[in-house]
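Protein chains in written order, with the numbering used here: chain A, 1176 to 1502; chain B, 9 to 359. Positions of the beta carbon are idealized from the N, C-alpha and C atoms, including for glycine. Nothing here was measured: the structure is a model prediction, and the numbers come from that model. Structure first, then comments.
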């Protein structure tokens, strides 16, 4: 017996553990399982740091997956137009879209907007802002002549709004047309402006506010501020049945009423979801309607969207400070 | 006492063996731990370094695919960047990267990775060719630095692993040698102890057997002198006591025979003297010739024989029997009157 124990004492601690397998990179929030319901695919557009953005939405996808009893897959696309293509090809079932692409999707793919997120301070909308360094000679839009401006393609704040302003200021037809530098995200716009690689930038006020909060030492001038448009809302493909649409709305709108939902919302960066109506995108259509031929400057194929029969004048602010209270 | 002695000797041997076994197990365990450590930690670090290089390559491939428009989805890129960050973090937990040159290299990597991630993110989403070129160049610069750091780190880790393996092999070699010598020593000690134990038991047994054989040959002078201060001493004393008892019994028997002989001698002497006298008178008075003288001579011879027999009885030194008739023995006077000098002579053959 002692001999057996002695042998075991030598052998057992030296026994190798089971090798741990490293899991391959996963593209989805949850893995599809044979026999399980068809996954619900939600597309994301690269708004900020794409890695942090992915992690934020994964919390939401996990919560949704449990609530609708289907795996929810996130698909991060490299351009906003890629989302339109995926909608057309039925590669995705829904997407969190910026207001311009939401309008395009509603117009071209018959998308249905369901909800929009509300962040701290009761903010569920955003505005386009034109910024320059605080010591820049650019004080109004017409000063952009012959300068460079960083913009984000296929976004209201980063594309439509500055094009609209430059169109209204008559800068797009002359020789001193501003040079547009396309960047991928709103965060990069402010980085390019701060780095001095461009003279001005067009981005969302929410991203600008986040940057200014994180870098109070950096001073930027707000040259112009656009009308409010809904935050990135959830637009659903018309191929999604009414029952699932209703379920999604119910789950998202009720998230803030339960602990798991609040936890997911916190990771996502929102306080709650609010219902979103098509009417809230009116100011976008108003700006588009004023562009005329300059619509082509947005480099969006096809005709401009027209989801409203009548258009209204667009209100643009030129104060340096952004509004702190929601309208 | 014998039990205690045996217990002491055998117990010491068992304890010694147990101690040697425990030390051997402990040392072997230490070696196994080193092997385990090399396999798990050091080799896993080598794997992590290799993985990091592979992940960097895959990220570059993904960026290329995105640039060519072959892909629209960024999920794999995001996954690869996450994996790279996880691998780098795991690398930072290894002790090797906290020493010397490896520490500096790893710190450099820690600074470069977030920059690389930011450039990759920008490159993946930017649509401006000029900006894409800028981000690509920046990402490439950082990627080159990362690769160089990964290569250097890999070399350091491999060198460290090699050194650890060599060190472990040397230690194991010395351990085997040491254990071999110790076990040889222990075996020799065990042989000596077993020899001692055997002597403690076999020597007195041998002496007991020898003395018993002497006793069986009626050599009652056999005695045992063991001086072991254990149960064998008691056995020896018991044997000696028995031998003394037997010797005393033999002496008493001889004395009794001698007494009987003296009694016979005394009684027969008178009769023999009377018979001698009468024979003399008869001889003087006898006129017959030779026949009468012959008879008288025979009577005198037998009378002399009787006298010698009685004399012999007086001189008995020991009792040696011989067969008389079937089932009956008688005293062998010739043997019984001889001294038993060797004490090992076999008894006389029957007549």
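With a minimum length of 3 residues, the unbroken runs of beta strand (DSSP E) contained wholly in the region 1264-1348 of chain A fall at 1269-1272, 1287-1293, 1303-1308 and 1323-1327. For residue 1216 of chain A, the three-state secondary structure derived from DSSP is strand. Per DSSP, the unbroken alpha helix (DSSP H) holding residue 83 of chain B starts and ends at 83-100.
Residue 214 of chain B and residue 173 of chain B have their C-alpha atoms some 59 Å from each other. Interface annotation for the region 1212-1235 of chain A against chain B: 1221, 1224, 1225, 1226 and 1229, criterion Cβ-Cβ distance under 8 Å. Its chain contains 212 and 234 as the residues whose beta carbon lies nearer than 6 Å to that of residue 240 of chain B, once the 5 sequence neighbours on both sides are disregarded; these appear in chain order.
For the region 1251-1264 of chain A, the set of residues with a beta-carbon nearer than 8 Å to any beta-carbon of chain B comprises 1251, 1252, 1253, 1254, 1257, 1260 and 1261, in chain order. A direct Cα-Cα distance of roughly 20 Å separates residue 1271 of chain A from residue 130 of chain B.
Setting aside the 5 residues that flank it on each side, residue 53 of chain B is surrounded in the same chain by 99, 102, 104 and 165, each with a C-beta closer than 7 Å to its C-beta; the list follows chain order. One Cα belongs to residue 1431 of chain A, the other to residue 1297 of chain A, and the distance between them is close to 13 Å. In terms of beta-carbon proximity, residue 1359 of chain A lines the interface with chain B, with at least one pair separated by less than 8 Å. Cβ-Cβ separation between residue 1301 of chain A and residue 1379 of chain A: approximately 5 Å, consistent with a contact (criterion under 8 Å). Nearest CB-CB separation between residue 1425 of chain A and chain B: not below the 8 Å threshold.
For residue 1364 of chain A, no Cβ of chain B is located within less than 8 Å of the residue's own Cβ.
Straight across, the Cα-Cα distance linking residue 1463 of chain A with residue 1369 of chain A is about 29 Å. If you draw a straight line from the Cα of residue 248 of chain B to the Cα of residue 224 of chain B, it is about 14 Å long. Separation of residue 245 of chain B and residue 203 of chain B (C-alpha to C-alpha, rounded to the nearest whole angstrom) is 25 Å. At a cut-off of 8 Å between C-beta atoms, residue 1356 of chain A counts as an interface residue with respect to chain B.
In chain order, 1278, 1281, 1282, 1453, 1456 and 1460 place their CB closer than 8 Å to the CB of residue 1482 of chain A, counting only its own chain and leaving out the 5 sequence neighbours on each side. Residue 1259 of chain A and residue 113 of chain B have their C-alpha atoms spaced approximately 45 Å apart. Chain A has a Cβ within less than 8 Å of the Cβ of residue 132 of chain B. Under DSSP, the beta-bridge partners assigned to residue 337 of chain B are B/331.
Approximately 10 Å separates the beta-carbon atoms of residue 82 of chain B and residue 1249 of chain A; this is outside 8 Å, ruling out the contact. Cα atoms of residue 1216 of chain A and residue 1290 of chain A: separation of roughly 17 Å, rounded to the nearest angstrom. Collapsing the DSSP output to three states places residue 274 of chain B in a helix. With 16 or more neighbouring CB atoms inside 10 Å of its own CB, residue 1328 of chain A falls in the buried class. By the neighbour-count definition (other C-beta atoms within 10 Å, threshold 16), residue 1402 of chain A is a buried residue. Put simply, the CB of residue 129 of chain B is near chain A, with a gap under 8 Å to one of its CB atoms.
In this structure, residue 125 of chain B and residue 1386 of chain A do not form a Cβ contact; the two beta carbons are roughly 18 Å apart against a cut-off of 8 Å.
In the DSSP assignment, the residues bridged to residue 1408 of chain A are A/1272.
Not a single C-beta of chain A is nearer than 8 Å to the C-beta of residue 194 of chain B. DSSP, read as helix, strand or coil, puts residue 1379 of chain A in strand. Distances from the alpha-carbon of residue 192 of chain B to those of B/25, B/44, B/265 and B/35 put B/25 closest. The beta carbon of residue 163 of chain B sits no closer than 8 Å to any beta carbon of chain A.
Taking residue 258 of chain B as the centre and dropping the five residues before and after it, the same chain places the C-beta of 228 closer than 6 Å to its C-beta, in chain order. At least 8 Å separates the beta-carbon of residue 315 of chain B from that of residue 288 of chain B.
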